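Reading through the structure tokens given below for one structure.
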Amino acid sequence: MTARRYWWWDRRRSVVLDVGLALVSAFECAWEGVRFAGDAGLPVPLGVAFGLVAGSVLVVRRRWPIAVVLVAIAVTPAEMAYLMGIVSLYTLAASEVPRRITVVLAGMSLAGTLIVTYVRTQQDVANAADGDFRPGPWYVPLVSLFMSLGLTGPPVLYGLYIGARRRLMESLRERADSLERELSLLADRAEERAEWARTEERTRIAREMHDVVAHRVSLMVVHAAALQAVALKDPAKAVKNAALVGDMGRQALTELRQMLGVLRAGDAGRRDGETSSAVPLAAVGAAAAAVAAAEAEDGPCLADLEALVGQSRQAGMVVEFSVEGDPVDCGALVEQTAYRVVQEALTNVHKHAAGAKTWVRLAHRGSEFAMQVENGPSDGGTADAGLPSGGNGLVGMRERVTALGGVFVSGPTDAGGFRVSAVLPARPRKA
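In terms of the UniProt record's numbering, the sequence shown opens at residue 1 and continues consecutively.
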């Protein structure tokens with residue numbers, strides 16, 4: 001809703017002030033018009049009407065300040081409109097009129113007032129020459145100068161001060177509005193970063209939980225099925241499979257406990273952050289703390305891949321494992337990512353290609369590390385373990401690899417199997 005305007009006035013009190021000043025100025029000019037008419041030999045009503053018209057011009061001082069000053073200068077020889085001259089000069093100096101115009105008009109007003117005052121003072125001194133008052137030659141110029149400066153200087157200086165103050169206030173107001181908009185944008189951006197951090201944290205935790213639970217539980221289900229099949233025929237093998245199931249269950253519980261520890265650390269950091277700062281920044285800090293904790297903890301590495309492949313072999317899978325090239329010192333994140341990719345690929349073989357022969361190949365290529373997990377067609381004679389699939393395994397692997405600046409490719413092979421390939425930099429790029 002916009003504020004109501006009254007012609008060229010912004011507020012009602014401005015209307016009242018200008019109309020009141022115009023009435024006072026018109027009354028002053030009309031009063032002085034009587035003397036002007038007598039000195040000029042004009043009818044008194046004509047002098048009064050002239051004064052009323054001239055004085056009422058002050059009502060448009062805000063709209064046309066230059067015109068009002070010119071009128072005040074024009075009636076200066078008639079020795080009237082003193083109020084209009086003072087107010088119009090103030091308005092001109094306080095307005096947005098270029099300063100050179102203000103200086104020129106103020107100089108014209110000063111010169112006109114100086115001349116008129118000099119002539120009138122000279123006449124008064126001449127009329128009083130027969131009395132006791134006999135001023136020196138300096139009296140008339142000095143009085144004229146003081147009078148002209150007193151009627152011109154203060155309103156111009158005060159108007160310049162008010163105009164500068166008004167522009168300063170507008171500048172500060174605009175700057176405050178700009179800062180408020182910037183703060184709003186920063187708050188929105190911080191909220192977006194916080195939401196992104198929360199999403200990344202949830203995605204990372206879901207990926208870790210999927211890798212931990214899916215692989216361990218898949219192997220446990222496979223071993224449980226084998227245990228059920230050989231429980232009566234081969235008790236010794238059943239005992240061995242039962243021990244394997246127990247070991248895998250304990251490993252799964254250990255990894256889950258580590259993940260829950262990271263979550264508890266993130267929640268504690270979030271609660272501490274909310275007590276001292278805004279929620280979005282606390283969320284970002286909590287997410288960063290959780291990610292840092294996850295990276296700092298001792299996770300799986302390339303040396304654990306042999307044991308990982310051995311677990312699948314113990315579950316009955318035929319797996320060939322090979323490593324090419326001279327080993328290089330890879331970063332901890334690269335080794336963890338490689339381990340998780342191989343782990344998830346083997347889990348998918350257990351789920352979707354039970355009994356299929358599988359090849360796990362690793363290759364060190366200087367600044368790169370490549371891995372490939374390929375399985376042949378499923379053995380139709382092998383019983384399906386009935387493991388559920390959420391469809392997130394390949395998505396999680398791709399996210400892990402691309403997050404480190406690597407390349408991930410997956411798809412079926414011509415032989416009817418499935419291949420998962422990934423290439424990782426030995427030293428991941430900085431985020």
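Every residue gets a Cβ at the ideal spot worked out from N, C-alpha and C, and that includes glycine.
Being a predicted model, the structure only gives us computed values, none of them experimental.
Please report the straight-line C-alpha distance between T199 and E191, rounded to a whole angstrom.
Approximately 12 angstroms between the Cα atoms of the pair.
Note down, one range per segment and in chain order, each alpha helix (DSSP H) of at least 4 residues found wholly within the region 393-425.
Correct list: 393-403.
Among residues of its own chain, excluding the 5 on either side of residue 437, which ones have a beta-carbon nearer than 6 angstroms to its beta-carbon?
Nothing can be reported for residue 437: it is not among the residues displayed for the chain, which extend from 1 to 431.
Can you tell me where the alpha helix (DSSP H) with A40 in it begins and where it stops?
Here the alpha helix (DSSP H) through A40 covers R12 to A40.
Where does the unbroken beta strand (DSSP E) through R100 begin, and where does it stop?
It is not in any beta strand (DSSP E) - R100 instead sits in the alpha helix (DSSP H) that spans R99 to N127.
Once DSSP output is grouped into helix, strand and coil, what is the label at E324?
Residue state, collapsed to three classes: strand.
By the DSSP assignment, the alpha helix (DSSP H) with L89 in it spans what residues?
First-last of the alpha helix (DSSP H) with L89: Y82 to A94.
Label A296 either buried or exposed according to how many other C-beta atoms from any shown protein chain fall within 10 Å of its C-beta, with 16 as the threshold for buried.
Note that A296 scores 42 on pLDDT, short of 50, meaning its location in the model is unreliable and no value can be drawn from it.
One question on the structure: do H364 and D304 come within less than 8 angstroms of each other, judged by their Cβ atoms?
Cβ atoms of H364 and D304: not closer than 8 angstroms.
Helix, strand or coil: which one does DSSP assign to R427?
The answer is coil: DSSP assigns R427 none of H, G, I, E or B.
Go ahead and label Y90 buried or exposed: buried means 16 or more other beta carbons lie within 10 angstroms of its beta carbon, across all protein chains shown.
Buried.
When the Cα atoms are used, what is the spatial distance from G47 to R13?
Looking at the two C-alpha atoms, the distance is approximately 31 angstroms.
If contact is defined by three or more beta carbon pairs under 8 angstroms, each pair taking one atom from either stretch, is the region 173-189 in contact with the region 112-131?
Judged by Cβ distances under 8 angstroms, the region 112-131 makes no contact with the region 173-189, as fewer than three pairs qualify.
Around the Cβ of L17, are there at least 16 other Cβ atoms within 10 angstroms (buried) or fewer (exposed)?
Label assigned to L17: exposed.
Give me whichever residues DSSP pairs with E374 in a beta bridge.
DSSP output for E374 lists W359 and R419 as bridge partner(s).
Does DSSP classify W9 as helix, strand or coil?
Correct three-state label for W9: strand.
Evaluate contact between the region 36-50 and the region 64-73, counting only Cβ atoms and requiring at least three cross-stretch pairs below 8 angstroms.
Touching, no, given that fewer than three Cβ pairs across the two stretches are closer than 8 angstroms.
If you run the structure through DSSP and keep just helix, strand and coil, what is E295?
Because E295 carries a pLDDT of 48, less than 50, the predicted location of this residue cannot be relied on, and the following value inherits that uncertainty. Helix.
Straight-line CA distance for H352 to L186?
Going from the Cα of H352 to the Cα of L186 covers about 48 angstroms.
Indicate the three-state DSSP secondary structure (helix, strand or coil) for residue 445 in the structure shown.
The requested residue 445 does not occur in the structure, where the chain is confined to residues 1 to 431.
Do the region 397-406 and the region 309-329 touch if we need at least three Cβ pairs shorter than 8 angstroms?
Result no; under three Cβ-Cβ pairs closer than 8 angstroms.
Taking DSSP as the reference, what is the three-state secondary structure of L195?
Correcting the residue type first, residue 195 is Glu in the shown sequence and not Leu. It is helical.
Starting from residue 436 and walking both ways along the alpha helix (DSSP H), at which residues does that stretch end?
No answer is possible for residue 436: it lies beyond the span of the chain, which begins at 1 and ends at 431.
How many whole angstroms separate the CB atoms of A307 and L219, which I take to be in contact at a CB cut-off of 8 angstroms?
So it is not a contact: roughly 12 angstroms between Cβ atoms.
Need the endpoints of the alpha helix (DSSP H) that V310 sits in, please.
It is Gly, not Val, that sits at residue 310 in the sequence shown. Element bounds for G310: L305 to Q314.
By DSSP, does V319 sit in helix, in strand, or in coil?
DSSP places V319 in strand when its eight states are reduced to three.
Applying the criterion that 16 or more other CB atoms from any shown protein chain within 10 Å of the CB defines a buried residue, is E344 buried or exposed?
By the neighbour-count rule (16 or more Cβ atoms within 10 Å), E344 is buried.
With DSSP as the reference, please indicate the residues paired to F146 in a beta bridge.
BP columns for F146 are empty, so no partner.
Assuming A54 and V75 make a contact with CB atoms under 8 angstroms, what is their CB distance in whole Å?
Indeed, because the Cβ distance is near 5 angstroms, the residues count as touching under 8 angstroms.
For P45, is the classification buried or exposed, using 16 other Cβ atoms within 10 angstroms of its Cβ as the cut-off for buried?
Classification of P45: exposed, given that the 10 Å Cβ count is below 16.
Quick one: Cα of R61 to Cα of R99, how far?
Cα-Cα distance, rounded: 17 angstroms.
Do W359 and E324 have their C-beta atoms closer together than 8 angstroms?
Going by C-beta atoms, W359 is not nearer than 8 angstroms to E324.
Can you tell me where the alpha helix (DSSP H) holding S56 begins and where it ends?
Segment V44 to S56, the alpha helix (DSSP H) holding S56.
Under three-state DSSP, which class holds E79?
It is coil, neither helix nor strand.
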